[in-house]
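Notes to accompany the following structure.
Number of protein chains: 2
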Amino acid sequence: MSQQPAQFTPDTTTAIVGVGLIGGSIAAALKSRGHRGRIVGIGRNANRLESAVDAGLIDEFATDSAQVQADLYVFCTPVDRIPKDVFHASETANANAVFTDAGSVKELICNTLDADALGRFVGSHPLAGSEKRGFEYAEPDLFVDRVCIVTPTENSADSSVDFIEQFWRSIGMRTLRMSPAEHDAALAQTSHLPHLMASVLAGCLPMDWANLTSTGFADTTRIAAGDAELWTAILLQNQGPVLAACDRFEETWRKFRQAIETSDATELTRQLAQAKNIRDSINTD
Amino acid sequence: MSQQPAQFTPDTTTAIVGVGLIGGSIAAALKSRGHRGRIVGIGRNANRLESAVDAGLIDEFATDSAQVQADLYVFCTPVDRIPKDVFHASETANANAVFTDAGSVKELICNTLDADALGRFVGSHPLAGSEKRGFEYAEPDLFVDRVCIVTPTENSADSSVDFIEQFWRSIGMRTLRMSPAEHDAALAQTSHLPHLMASVLAGCLPMDWANLTSTGFADTTRIAAGDAELWTAILLQNQGPVLAACDRFEETWRKFRQAIETSDATELTRQLAQAKNIRDSINTD
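From first to last, the protein sequence lines are chains A and B. Going by our numbering, the first sequence opens with residue 1, and the numbers climb by one from there. Going by our numbering, the second sequence opens with residue 286, and the numbers climb by one from there.
Here's what the structure looks like:
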């Protein structure tokens, strides 16, 4: 068993693996809150990491996690790379280091890491982001007042879970514990399905009409500008729950479409009003 | 035949029928650009119109267009009320008055009014708006640099079309002429389909997961907060083109879904990248 990790404090040496929009924003959030511990960026591109040092986001960098000793490792790499990145880091990390991630899918990652990481890995998903890429878009307040879902398993050490929750709270998030499977079912509906919708809506637009779009189209398709490979990995890693969310969508879609086909104004208004009620009730801060 | 209308000038007496978000924003836009002509609000609710006078948006008001003599009438009422509102006003208006509207569907309105309005009605659709309702949300710059589609028919007097285009340009819009049918086909795809998507996406959300939405869900469903009855009228008035847009959506949707079902990462990435390219190419100012 690993040693008990210390609490997360402003002195915790923090390694951020993958210094893009999310990793960069975590670094910016820590810096802006007076974090004193070293912040080490880890990635594959030394030039990019050097620029992140120059930008004041990270204190130093390495292109291999084996060169780094940190108390906390936060993996912000694409979901299909997180398990092997964590394994690799865990081989050389201190016995009391704790690992978490920011991936949008949790079950495959947590199951893969569960046995091997000996309770030191606790999956996370901060519900904040942007369709943009790169630490140049980092925002120190990206996470403030947003939810971070933390997904411990039965092998997770309580102390590691506490540590990870302290970390996310330190940058302003509200934490919420769920199982990896519960997370994936919910996020398929609240995040992965909207991405799919936005992409289908953009993808089926005849280009002749591209100059006739307005704010409605712009809002509705904004997330379709996200990276295609990142989203391929997310949608395929969460295949089952995503298809279940698609089924829910299609069922409701058929009701709307039928009301239009049959010119059923009463039913169409009922469906639109129900959707409006749901939309009005969600938190959109 | 009607007399030739004058040009639209800063002295044109302008009646705005329906002083909500759009009508109120038109009034605010005219005021902020130094319009000197009287701005008369026409509506059913005298208390609301009195508040709009108090807010400085309109100079006076009437609850019946028969009480008003204006050079220009702009109808910002729901699409299913515009034809009869125009007919009613045309019965008592000056012979050289010009009429336009801001409705989201054009063919039914323009066809209905074409014969009777003797070239004095020219349909318009300013591509700007909000899911909000009420003149309290009026924005003087709502229309700046946005497109206004103007849909003359063969019965439209050239002088009326020019007048209407001058009017929209005076509040900062770029005007674009299309036939009513072309407008409806395009807007079914660029505006009515996105509204439907947003509503279906909001409508199929299990409420247990409402607290697990993030900015992606919020953006994608924003327009679902629009008024249910207004949108029922729009979707049903444009039934044919909306169903054609639905067909296009479903065809693309099936390709995405199949790529997920068959775990075809290459095809899914191709589809997502194509959607991203389209999204990246549209004007989102």
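Where a beta carbon is used, it is the ideal one built from N, C-alpha and C, also for glycine. Only a predicted model underlies this, so the values are computations on that prediction, with no experimental measurement involved.
Below-7 angstroms beta-carbon distance, residue i vs any chain B residue
i	result
M1/A	Confidence at M1/A is low in this model, with a pLDDT of 40, below 50, so the placement of that residue is unreliable and no value is reported for it.
D280/A	yes
W231/A	yes
A273/A	yes
S199/A	yes
G123/A	no
F249/A	yes
W168/A	no
S191/A	yes
T175/A	no
D64/A	no
A186/A	yes
I312/A	The structure shown does not extend to residue 312/A, since chain A spans only 1 to 285, so no value can be given for it.
D158/A	no
C246/A	yes
From the options, residue whose alpha carbon lies closest to that of residue i
i	options	result
Q543/B	D247/A, R254/A, E267/A	D247/A
S130/A	A93/A, S104/A, A115/A, L113/A	S104/A
A157/A	K106/A, R174/A, A97/A	A97/A
N440/B	F428/B, V407/B, I456/B	V407/B
L481/B	D208/A, L230/A, T269/A	T269/A
R33/A	D141/A, A52/A, V161/A	D141/A
E552/B	N277/A, I282/A, A233/A, T262/A	A233/A
I576/B	S445/B, H373/B, Q522/B, V485/B	In the structure as shown, chain B starts at 286 and stops at 570, and residue 576/B therefore has no counterpart that could be examined.
V435/B	G525/B, C395/B, K417/B, F420/B	C395/B
P126/A	G119/A, D101/A, E107/A, L113/A	D101/A
W494/B	E107/A, G226/A, A186/A, L230/A	A186/A
P437/B	D296/B, I449/B, G303/B	I449/B
A194/A	T220/A, S25/A, S124/A	It should be noted that the sequence gives Pro, not Ala, for residue 194/A. Comparing Cα positions, the closest option is T220/A.
A413/B	G24/A, F99/A, S214/A	S214/A
K276/A	D549/B, A510/B, Q352/B	A510/B
W453/B	C433/B, H477/B, A355/B, R366/B	C433/B
A42/A	F61/A, H35/A, R254/A	Just to set this straight, residue 42/A is Ile in the shown sequence, not Ala. Comparing Cα-Cα distances from I42/A to each of F61/A, H35/A, R254/A, the minimum goes to F61/A.
A28/A	P241/A, E107/A, D264/A, D59/A	D59/A
T92/A	A66/A, R133/A, N45/A	A66/A
I22/A	L212/A, A198/A, S179/A, R133/A	R133/A
A483/B	I82/A, W253/A, E107/A	W253/A
S160/A	R120/A, S191/A, D145/A	R120/A
Cβ of residue i within 7 angstroms of any chain A Cβ
i	result
E552/B	no
W494/B	yes
K561/B	yes
C489/B	yes
A313/B	no
P479/B	yes
G308/B	no
D426/B	no
C395/B	no
T547/B	no
A513/B	yes
D386/B	no
Residue i (DSSP reduced to helix, strand or coil)
i	result
D219/A	helix
V101/A	At residue 101/A the sequence reads Asp, which differs from the Val that was named. Looking at D101/A - three-state DSSP - the assignment turns out to be strand.
M1/A	With a pLDDT of 40 at M1/A, under the threshold of 50, the predicted position of this residue should be treated as unreliable, though the coordinate-derived value follows. M1/A falls in the coil class under three-state DSSP.
A275/A	helix
I301/B	strand
A6/A	coil
I311/B	helix
L515/B	helix
R555/B	helix
P479/B	helix
Beta-carbon separation (whole angstroms), residue i vs residue j, contact threshold 8 angstroms
i	j	result
A428/B	I456/B	One point to set straight first is that residue 428/B is Phe, not Ala, in the sequence displayed. Indeed, because the Cβ distance is near 5 angstroms, the residues count as touching under 8 angstroms.
L72/A	F135/A	With a Cβ gap of about 19 angstroms, L72/A and F135/A do not count as contacting.
A487/B	R279/A	4 angstroms
V40/A	A15/A	5 angstroms
E536/B	C204/A	7 angstroms
A286/A	L30/A	Limits of chain A in this structure are 1 at one end and 285 at the other, which puts residue 286/A out of reach.
G37/A	D64/A	About 21 angstroms; that fails the 8 angstroms criterion.
L236/A	P78/A	That belief does not hold up - the Cβ atoms of L236/A and P78/A are roughly 12 angstroms apart, past 8 angstroms.
Q524/B	K540/B	Contact flag wrong, Cβ pair sits at about 25 angstroms.
Test: residue i CB closer than 7 angstroms to a CB of chain C
i	result
A181/A	Among the chains of the structure shown, chain C does not appear; the protein chains present are A and B.
In the stretch 398–470 of chain B, which residue ranges form an unbroken beta strand (DSSP E) of at least 3 residues, counting only runs that do not cross its ends? 406–411, 432–436, 459–462
Restricting to runs no shorter than 4 residues, where is the alpha helix (DSSP H) found entirely within the stretch 521–551 of chain B? 524–546
4 or more residues per run - each alpha helix (DSSP H) lying fully within the stretch 321–403 of chain B: 331–339, 367–377, 392–399
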